[in-house]
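Single-structure report; data block below.
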Amino acid sequence: MTLQIKSFDEYKDVYKRSVEDPEGFWAEQASTFTWRRKWDKTLEWNFREPNVKWFAGGKLNITENCLDRHLDTRGGQVAILFEPNRPEAPVQKYTYKELHAAVCKTANALKANGVGKGDRVCFYMPMVPELAIGVLACARIGAVHSVVFAGFSAQALADRIIDAQCKMVICSDYNDRGAKSIPVKEVVDQAMNMGCESVETVLVHKNTGGPADMPDARYKWWHDEVDGQSAICEAEEMDAEDMLFILYTSGSTGKPKGVVHTCGGFMVYTAYSFKNVFQYQDGDIYWCTADIGWITGHSYIVYGPLLAGATTLMFEGVPTYPDAGRFWAVCEKHKVNQFYTAPTAIRALMAQGDKWTEGYDLSSIKVLGSVGEPINEEAWEWYYHRIGKGNAPIVDTWWQTETGGILISGLGGLSPMKPAHAGYPLPGIQPCLVDSNGALLEGNDVEGLLCMKFPWPSMLRTTYGDHERCRQTYFAAFQDMYFTGDGARRDKNGMYRIIGRVDDVINVSGHRMGTAEVENAINEHPKVIESAVVGYPHEIKGQGIYAYVIVSGPVGDEEAFRKEILAVVTKEIGPIAKPDKIQIVSGLPKTRSGKIMRRILRKVASGDTSNLGDVSTLLNPEVVDEIKTGALAD
Ligand code: WTA
Numbered sequence: 019m020t021l022q023i024k025s026f027d028e029y030k031d032v033y034k035r036s037v038e039d040p041e042g043f044w045a046e047q048a049s050t051f052t053w054r055r056k057w058d059k060t061l062e063w064n065f066r067e068p069n070v071k072w073f074a075g076g077k078l079n080i081t082e083n084c085l086d087r088h089l090d091t092r093g094g095q096v097a098i099l100f101e102p103n104r105p106e107a108p109v110q111k112y113t114y115k116e117l118h119a120a121v122c123k124t125a126n127a128l129k130a131n132g133v134g135k136g137d138r139v140c141f142y143m144p145m146v147p148e149l150a151i152g153v154l155a156c157a158r159i160g161a162v163h164s165v166v167f168a169g170f171s172a173q174a175l176a177d178r179i180i181d182a183q184c185k186m187v188i189c190s191d192y193n194d195r196g197a198k199s200i201p202v203k204e205v206v207d208q209a210m211n212m213g214c215e216s217v218e219t220v221l222v223h224k225n226t227g228g229p230a231d232m233p234d235a236r237y238k239w240w241h242d243e244v245d246g247q248s249a250i251c252e253a254e255e256m257d258a259e260d261m262l263f264i265l266y267t268s269g270s271t272g273k274p275k276g277v278v279h280t281c282g283g284f285m286v287y288t289a290y291s292f293k294n295v296f297q298y299q300d301g302d303i304y305w306c307t308a309d310i311g312w313i314t315g316h317s318y319i320v321y322g323p324l325l326a327g328a329t330t331l332m333f334e335g336v337p338t339y340p341d342a343g344r345f346w347a348v349c350e351k352h353k354v355n356q357f358y359t360a361p362t363a364i365r366a367l368m369a370q371g372d373k374w375t376e377g378y379d380l381s382s383i384k385v386l387g388s389v390g391e392p393i394n395e396e397a398w399e400w401y402y403h404r405i406g407k408g409n410a411p412i413v414d415t416w417w418q419t420e421t422g423g424i425l426i427s428g429l430g431g432l433s434p435m436k437p438a439h440a441g442y443p444l445p446g447i448q449p450c451l452v453d454s455n456g457a458l459l460e461g462n463d464v465e466g467l468l469c470m471k472f473p474w475p476s477m478l479r480t481t482y483g484d485h486e487r488c489r490q491t492y493f494a495a496f497q498d499m500y501f502t503g504d505g506a507r508r509d510k511n512g513m514y515r516i517i518g519r520v521d522d523v524i525n526v527s528g529h530r531m532g533t534a535e536v537e538n539a540i541n542e543h544p545k546v547i548e549s550a551v552v553g554y555p556h557e558i559k560g561q562g563i564y565a566y567v568i569v570s571g572p573v574g575d576e577e578a579f580r581k582e583i584l585a586v587v588t589k590e591i592g593p594i595a596k597p598d599k600i601q602i603v604s605g606l607p608k609t610r611s612g613k614i615m616r617r618i619l620r621k622v623a624s625g626d627t628s629n630l631g632d633v634s635t636l637l638n639p640e641v642v643d644e645i646k647t648g649a650l651a652d
């Protein structure tokens, strides 16, 4: 079984060994899994191309490690515990044996519909067990899954389907979310009319059973295709470096890119980090509230926990339905031992008042996790004292879609904790800080740009269909380093505090958003000539979206115009990208070379209009005063 560190002293020893002999260390971890054939070479790498290969030549199937491997020892144990949106609806349980059968049947249905090794399958589904089952079914037959968060618009979905040339799309009829029923399939129907020619089949899972028509012969019901299949499906033999999945994420420029993860390294690292960060013990009930549409759901709802033989809770609903006590009601109901959520959820619940936390027995909780954005001290203290009652350590886990797994975090209960500090790197992880010229900042009590100077098994291998973009984005800024896009501080004890993005990516309610992407969407409005989007501090969301917009003529009713902007962003990307504030301006501060001075826009958006620095070198210094005067207060 995966090595589990038991004390902070042991962590220090393991860490030391892991950086002195990374190959030996990771080979040892990898050997705790089931391989059809052992790898030839543990690691081959350079960050120039980049070319990173872990366990090359090794043959495996990740689902044999998630499922088959557990059948003898824990076939009857619950693998997926499903808590539906409505508290009164029955809980669903899949034991490892049942999950294995469900995955095999689904895998056979995919094969029967012409999906094979290397084909891409897009998922657009709410948080129902069939999403996890479908993802694993792909992995079973070597198909590559590309899960798209079901809050994205038809346009965003179509862009992703086309980029990955998906052969199949799997969706639900509706999403039962809070008090609403969201027509998921309708979004897919629209996307299908946006040039998704690669799609041969749309498989529709009947979730709520609401009215649904099948627009054309490509559409099939999940139950018609899956239910009659055999529960035996031989797993496809994959190379460690074969693609496991694509997940689209936003960057500073252009359209979202498809981050590519591969089978072997992703498996080894997610299992290892899961066991150690959450200190998961056999029999524990683990709950991560993320959506499988994001990396956190991939690594720490599906793969990591199942690889470790855990019971992973999947929640269909939202934190405030039927009321703001739902998270705690679910923790009590299922006696959750590890609870993993995002600071934005903590802040939102905190704002509803302490009364919603009262009356629940939360004594089962052993570890509390945080992910997705920096957790501010106030939220940290509330989480620690209100929810953990001062007994459950907080792990503030820093990582990214690209890293595949948690890189910097405490190990639950073992490591020293400091509010707002992610802490120390996991074994095998070699972070460093550099200044903007790429000079290494040695020692402690320093602040700079966060990079990684050595590969780890679950790092991205490429961006789908565009390797050069991967090189440019992550490996070109500083020689022989992976650049994270985050700024960080190493305190006097060597603990890392993540400050936030230093590029044009903003983090809204833990969702990553490229400002360029939002600008492109706003610019689709016929009256908009140009726009500039920046983040600003937002009490609940972490960052809010502030849009400066230049229009071509009088807009008439400004409120109506703002609504049109929100509608166009919702159409192009989805409601999560809607600006919180829209300021109409006559110009944007630009340098003489035509570059927007975002620094000024960020400052004004944050409500600080004092001391904007020297603006005299701008092409149009006069707009700065106008922007200041028109700035939108809360
Ligand atoms: C931010 C989410 C501070 C960071 C797993 C990173 C964090 C981006 C933390 C990746 C944390 C994530 N503390 N910041 N504990 N975790 N971030 O790809 O800016 O959706 O670069 O992956 O979220 O977001 P992504």
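Convert by adding 18 to the 1-based position in the sequence shown; the result is the number in this note's numbering.
We put the CB at the ideal spot given by N, CA and C, even for glycine.
Since this is a predicted model, take the numbers as computed values, not measurements.
Through-space distance from residue j to residue i, alpha-carbon basis
i           : j           : result
residue 117 : residue 94  : 10 Å
residue 160 : residue 642 : 55 Å
residue 327 : residue 303 : 11 Å
residue 469 : residue 489 : 14 Å
residue 206 : residue 212 : 10 Å
residue 590 : residue 542 : 9 Å
residue 220 : residue 624 : 45 Å
residue 82  : residue 52  : 7 Å
residue 483 : residue 620 : 33 Å
residue 460 : residue 451 : 8 Å
residue 376 : residue 344 : 12 Å
residue 22  : residue 66  : 34 Å
residue 575 : residue 597 : 18 Å
residue 335 : residue 395 : 27 Å
residue 583 : residue 62  : 48 Å
residue 467 : residue 520 : 8 Å
residue 321 : residue 573 : 50 Å
residue 579 : residue 537 : 16 Å
residue 260 : residue 633 : 52 Å
residue 342 : residue 497 : 48 Å
residue 383 : residue 352 : 11 Å
residue 544 : residue 629 : 35 Å
residue 74  : residue 162 : 19 Å
residue 131 : residue 350 : 42 Å
residue 585 : residue 232 : 27 Å
Cβ-based burial, residue i [other Cβ within 10 Å; buried from 16]
i           : result
residue 414 : buried
residue 194 : buried
residue 91  : exposed
residue 475 : buried
residue 653 : Lying before the first or after the last residue shown, residue 653 is absent from the chain, which here runs from 19 to 652.
residue 151 : buried
residue 293 : buried
residue 191 : buried
residue 285 : buried
residue 313 : buried
residue 108 : exposed
residue 279 : buried
residue 388 : buried
residue 246 : exposed
Proximity test, residue i beta-carbon vs the ligand ZN heavy atom, cut-off 7 Å
i           : result
residue 231 : You won't find the ligand ZN in this model; what it holds is the ligand WTA.
Option in the options with minimal Cα separation from residue i
i           : options               : result
residue 587 : 625, 613 and 532      : 532
residue 46  : 610, 449 and 36       : 36
residue 418 : 503, 453, 87 and 630  : 503
residue 251 : 120, 229 and 290      : 120
residue 651 : 527, 186, 585 and 555 : 555
residue 58  : 64, 72, 242 and 68    : 72
residue 104 : 338, 168 and 629      : 338
residue 227 : 68, 405 and 200       : 200
Cβ distance (whole Å) where residue i is taken to contact residue j below 8 Å
i           : j           : result
residue 523 : residue 268 : 6 Å
residue 287 : residue 275 : Not really, about 21 Å apart at Cβ, beyond 8 Å.
residue 177 : residue 273 : 6 Å
residue 600 : residue 567 : 6 Å
_For a minimum of 3 consecutive residues, which ranges assigned as the beta strand (DSSP E) are wholly contained in the region 237-311?_
237-239, 261-267, 275-280 and 303-306
*Length at least 3, wholly inside the region 115-150: the beta strand (DSSP E) runs in chain order*: 138-142
*Return the chain-ordered ranges of every alpha helix (DSSP H) run that is complete within the region 344-405 and spans a minimum of 4 residues.*
344-352, 361-370 and 395-400
*asked:* Extract the residue ranges of the alpha helix (DSSP H) inside the region 492-578, only unbroken runs of 4 or more that lie entirely within it.
replied: 533-540
*In the region 445-501, which residue ranges form an unbroken alpha helix (DSSP H) of at least 4 residues, counting only runs that do not cross its ends?*
485-488
*At what residue ranges does the region 174-200 contain a whole run of the beta strand (DSSP E), taking only runs of 3 or more?*
186-190, 193-195 and 198-200
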